[in-house]
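A.B. asks:
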């Protein structure tokens, strides 16, 4: 496998051909040239004409990388191409064409038709006299590109030679030297002419010292085709065509206008993203409307200047040329001349607008790389967005033109040249950069992806590195993947192509250890432990040997085999990186074997949990948590996992400094601490023989122990708890202060079961540690007090340690928090203790609200859950049913407020739970909080929407503005007036303030928290504490809102339209709406003017006529509240009962009503309708007079009446009893007497005497 690049012979220039070209470029007639002229940049301002060589020969021959270094020529003067580096050289399509320029002459070479490996002269050309150039007007630059053709059989029409002149002209020739066209772009020298082609487009660029021209490719293509056709036909000369034809150009200048240009590179088209478009638009104007039929395309450039090293700029096509104008410009010569051209305004003799007369505009600067260096040479790779720049201070800079930043710099390359190389492997392509340093006679190839030198060889210092050139065609077929080749031309005329193997792109190290890296990459791709020693012996550097050892560690999961493998490695004299690594690995392997050995020992029984510190209840809780967990043993770590965690590449360091994953850290800690926590060895032995030998600081292991203990789900057991206490005791002795850190970790742990055990262990260790004796100042006491003290000491008093009681309460509170965490998500005890008075009720309330338990099932559901029963026994005061109902109602309303659509029924459930609260003051406070936080704004929105539209909200309006469906609005208003009714009931008798008794566990735990727990500020108040502190509401203001809620509900339910709720209240009452319920505004209630009373009467009358029974019931309530004495609602209710056949309900309502004309007439019509239904049921034939009378009297009531059974005789008899019970006035009796006569005649039923 090749480990470097090759120089593959590709072309050869015969000495005779080289001499002929040289003599033509340098010699000739009286206008002969005596020297080569090439523009250059001084290396520094204060450097002499012959600067000394600062770079010494690289000595790459001694590296033994490649055997391709050619012998240097004995005499440079005898070399046929020693002069090549002194003139301009332009190439095309991998050296298919080579263009040489000097003063007013150029030579075009091409591959020989007979021998593809030799160059021959295609044309030798001197500038034509017909151009009228002076003797001092020389060629300054040039480029080659193909001219596209419309013929399908050919790829291009011809090859175009474009040369820039010192007088500002650009002249175009064919490959045979035929002059086609010339155009003046500037009054001064043309610096560069380039034809750049990218994936998005192509552009011909002309660069001067102060500006540059972007020539439209379509325009240039059309002009060149016209000139070529006209000259071939002999119609016109190139000089005549140059005076009439023109090209479309954009004249661009730098934004500051002072720096000028050295190089200008067209880097392609850029299409803005959405973010860039919005950013640019906002920077222009926030109010300006920007519209376009398509996304704007930006032409991007990178240019260098004398003051700024590199500048990135862009410009857009302003769409100033319309389609018709383009047709006129490019197609006017094809329009037949019948006088229409003159009539349309374009004659056959057009007036030319020269490029030099174009108005210039500035290109927008996107970014700059400001530096004092000057660019000498550039090499663009547009498809990858890279450009290599050679500066005048011996550096090569690689620039990312997409991100506009320098990504790599090579130093020490004075007078260097660069070229790009592609290397392909099927669909994959790698990019390399070739660098030729003539002062060191060194040719290098660098991997652009990794920045690694792929190879270097000595070459002829008089040679030239050439870019092979791409096959760019003006308006021709587009190939986005150009093959980039580089060629080295020595002074003997041999052109060698640089061939770089593709696999060199995968090398990520320098060339010094490429041999080792190839072996390592081969071993890593197909590892085989049997080949380890063979590969190890072939490696040359200690670094690679160390890397191979580290590479093989994850492959061995047997400690014995790994030890055998390490012992087979030959030892070297002294110490080095390999020896240090082997010693380190063997020491860690010994520790691993110790841990595995300890895990195989028998478990030793230990003493029980200390009985002298905790009370019996706490000891039972601790034992319960010790026996909780998974009893299945975890598999131990394998040796490869152990050494992989240790990370043998680094030395001893702190565990917290390593960025370990939690899973890896837990697995390692569980494996290390398992022998002691399981009771197989004592803690002291594990610390001295294992922990102290590991490459970590010993003071980090207390944190690791707490981390492993709190993350584990295995069963601890009583022995494990005792050994945990022993661990903490010894760590506290070694590193004072570690116990406090462990206690803090326990309080911040989310696993409350393990947090309880760890905190209990910390309490036991604190009790076991020796007390710090503090000397107190001795005070003088008198003799009487001394006698009293002596007498008191004689009594048998037991000393009481208050910290023991505090620890008991804290542990029991942690156990209660553990039980609560079984219901919902678990949180740390540090968060629980700050809100302990509310936490447990909130957990239960959240559970009930989520499960949607019915209020009638609450007690039964609570008893069915074991953890809730135990929690209630621990905290009886906190979990009283009345307090629980308050929190449940609050949680239900919270869910209702967050998602009303899904949780709308929570409102009704919340009111149901509040109905179970027996404390009026407490329920009053919760209702007030619910009204203020959840209901008021929504209620206000409903009322205002009804006010605005005068009707029920539509579905879209309800969902958008009220966050509820249309059918739920009436139900929402119903729940609102139910809540207000409940609130009025609570404050009617002015209930006294309530007292909430707290549990002793919570009081002590909050008043004496652990020393390591830092509680910021006061504890959070619970819902019930906030509720009992609420001020009593204003009864009349609540009643006022109640009237509004009822009126809105019955209006929507009855379907009243075009009715404004506001008119039912006077202006004073309207201003009182939506104020805080504990305020005291003026409320007239029923003391309003007659106009409001009349509107209320009309409103209730409409509700009674169109509403349901429930609506009429609420309307009757409003009539009582508003002191309306009319019986319209009750009369309507009676008539509805009679129509529905509910005679018993109608008779009850009639007892308190005064007889009106409307009531008696409607009753007679209903009776006539029943008689007609009776005749139909009994199939009785009535006389014509009787039938006409009954039909006329009944009218529409015949279709309204109903009876629960088919027995209409009973219906008529029932109605007769109702009429008989009435004391009818004489004017109302006549219709009943006549109907009674008919019923008595046909069926024997007497209605009235």
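In the working numbering, the protein residues as written are 14 to 1262. Beta carbons are placed, not taken as given, at the ideal position from N, Cα and C, and that holds for glycine. In this text the structure is predicted, and so the values were computed from the model without any measurement.
Whether or not the stretch 730-745 and the stretch 635-652 are in contact is what I'm after, with contact meaning three or more pairs of Cβ atoms, one per stretch, closer than 8 Å; do they touch?
C.D. replies: Cβ pair count under 8 Å is three or more, so yes.
A.B. asks: Would you say residue 386 and residue 415 are within 9 Å of each other, going by their C-beta atoms?
C.D. replies: Against a cut-off of 9 Å, the Cβ pair of residue 415 and residue 386 comes out as no contact.
A.B. asks: Can you tell which of 881, 1250, 632, 689 has the C-alpha that lies nearest to the C-alpha of residue 770?
C.D. replies: Checking every option, the nearest Cα to that of residue 770 belongs to 632.
A.B. asks: Taking only the alpha-carbon atoms, compute the straight-line gap between residue 273 and residue 528 and give it to the nearest angstrom.
C.D. replies: Looking at the two C-alpha atoms, the distance is approximately 49 Å.
A.B. asks: Give me the DSSP bridge partner(s) of residue 509.
C.D. replies: In the DSSP output, where bridge partners are listed per residue, residue 509 has 22, 501.
A.B. asks: Nearest to residue 133 by alpha carbon, out of 141, 123, 140?
C.D. replies: Of 141, 123, 140, the residue nearest in Cα terms is 123.
A.B. asks: Residue 599 by DSSP, collapsed to three states: which one?
C.D. replies: Residue state, collapsed to three classes: helix.
A.B. asks: Relative to the C-alpha of residue 716, which residue among 405, 682, 161, 1258 is closest?
C.D. replies: The shortest C-alpha separation from residue 716 is found at 682.
A.B. asks: Helix, strand or coil for residue 352? Go by DSSP, reduced to three states.
C.D. replies: Legend: pLDDT at residue 352 = 43, less than 50; position of this residue unreliable, value from coordinates given subsequently. It is coil, neither helix nor strand.
A.B. asks: Helix, strand or coil for residue 101, going by three-state DSSP, please let me know.
C.D. replies: The answer is strand: DSSP assigns residue 101 an E or B state.
A.B. asks: Quick one: is residue 930 buried, meaning 16 or more other Cβ sit within 10 Å of its Cβ, or exposed?
C.D. replies: Residue 930 comes out buried.
A.B. asks: Output needed for residue 1074: all residues of its chain with C-beta closer than 8 Å, excluding positions within five of it in sequence on either side, in chain order.
C.D. replies: 956, 959, 960, 1057, 1060, 1061, 1064, listed in sequence order.
A.B. asks: Tell me residue 281's beta-bridge partners as DSSP assigns them.
C.D. replies: In DSSP, residue 281 forms a bridge with 313.
A.B. asks: Is residue 474 buried or exposed, if buried means 16 or more other CB atoms sit within 10 Å of its CB?
C.D. replies: By the neighbour-count rule (16 or more Cβ atoms within 10 Å), residue 474 is buried.
A.B. asks: Using DSSP bridges, identify the partner residues of residue 610.
C.D. replies: BP columns for residue 610 are empty, so no partner.
A.B. asks: For residue 766 and residue 1041, I'd like the C-alpha separation in whole angstroms.
C.D. replies: So the alpha carbons of these two residues sit roughly 35 Å apart.
A.B. asks: If you count every other CB in all the chains shown that lies within 10 Å of the CB of residue 701, and 16 or more means buried, which is it?
C.D. replies: Exposed, since its Cβ has fewer than 16 Cβ neighbours within 10 Å.
A.B. asks: Rounded to whole angstroms, what's the CA-CA distance from residue 53 to residue 219? Just pull it up for me.
C.D. replies: Note that residue 53 has pLDDT 48, beneath the 50 cutoff, so the model's placement of it is unreliable and no number is given.
A.B. asks: Could you give the DSSP three-state label for residue 443: helix, strand or coil?
C.D. replies: Here residue 443 sits in strand by DSSP.
A.B. asks: Enumerate in chain order the residues of its own chain whose CB-to-CB distance from residue 384 is below 7 Å, with the five nearest sequence positions on each side excluded.
C.D. replies: 322, listed in sequence order.
A.B. asks: Just to confirm the assignment, what range does the alpha helix (DSSP H) spanning residue 939 have?
C.D. replies: Unbroken alpha helix (DSSP H) run through residue 939: 933-943.
A.B. asks: Could you have a look at residue 431 and say whether DSSP puts it in helix, strand or coil?
C.D. replies: In this structure, residue 431 counts as strand in the three-state DSSP scheme.
A.B. asks: Nearest by alpha-carbon distance to residue 399: which of 405, 418, 407, 389 is it?
C.D. replies: With distances taken between Cα atoms, residue 399 lies closest to 418.
A.B. asks: Rounded to a whole number of angstroms, what is the C-alpha to C-alpha distance between residue 848 and residue 721?
C.D. replies: Approximately 28 Å between the Cα atoms of the pair.
A.B. asks: Residue 336 to residue 203, Cα distance in whole Å?
C.D. replies: With a pLDDT of only 32 at residue 336, under the threshold of 50, the placement of this residue in the model should not be trusted; the figure read from the coordinates follows. Whole-angstrom Cα-Cα distance: 32 Å.
A.B. asks: Can residue 836 and residue 901 be called in contact, C-beta distance under 9 Å?
C.D. replies: In this structure, residue 901 does not lie closer than 9 Å to residue 836 by Cβ.
A.B. asks: Just verifying my parser: in three-state terms, what is the DSSP assignment at residue 27?
C.D. replies: In this structure, residue 27 counts as coil in the three-state DSSP scheme.
A.B. asks: Residue 755 to residue 891, Cα distance in whole Å?
C.D. replies: Going from the Cα of residue 755 to the Cα of residue 891 covers about 30 Å.
A.B. asks: Looking only at its own chain, which residues have a Cβ that is under 7 Å from the Cβ of residue 966, when we skip the five neighbours before and after it?
C.D. replies: So the qualifying residues of the chain are 958, 975, 979, 982.
A.B. asks: Counting C-beta neighbours from all protein chains within 10 Å, is the total for residue 581 16 or more, i.e. buried, or is it exposed?
C.D. replies: Exposed: under 16 other Cβ atoms inside 10 Å.
A.B. asks: List the whole-angstrom C-beta distance separating residue 403 from residue 412, where the pair is believed to meet the contact cut-off of C-beta under 8 Å.
C.D. replies: Going by Cβ atoms, the distance from residue 403 to residue 412 rounds to 12 Å, so no, they are not a contact pair.
A.B. asks: Checking 9 Å against the spacing of the C-beta atoms, do residue 225 and residue 369 come in under that value?
C.D. replies: Not closer than 9 Å, so no.
A.B. asks: According to DSSP, is residue 837 helix, strand or coil?
C.D. replies: Of the three classes helix, strand and coil, the one that applies to residue 837 here is coil, per DSSP.
A.B. asks: Roughly how many angstroms lie between the CA atoms of residue 776 and residue 820, to the nearest whole one?
C.D. replies: Cα to Cα, the separation comes out at about 7 Å.
A.B. asks: When the Cα of residue 895 is compared with those of 1110, 844, 1008, which residue comes out closest?
C.D. replies: Answer by Cα proximity: 1008.
A.B. asks: Find the nearest neighbour of residue 869 within the set 556, 926, 249, judged by alpha-carbon distance.
C.D. replies: Measuring from the Cα of residue 869, the nearest candidate turns out to be 926.
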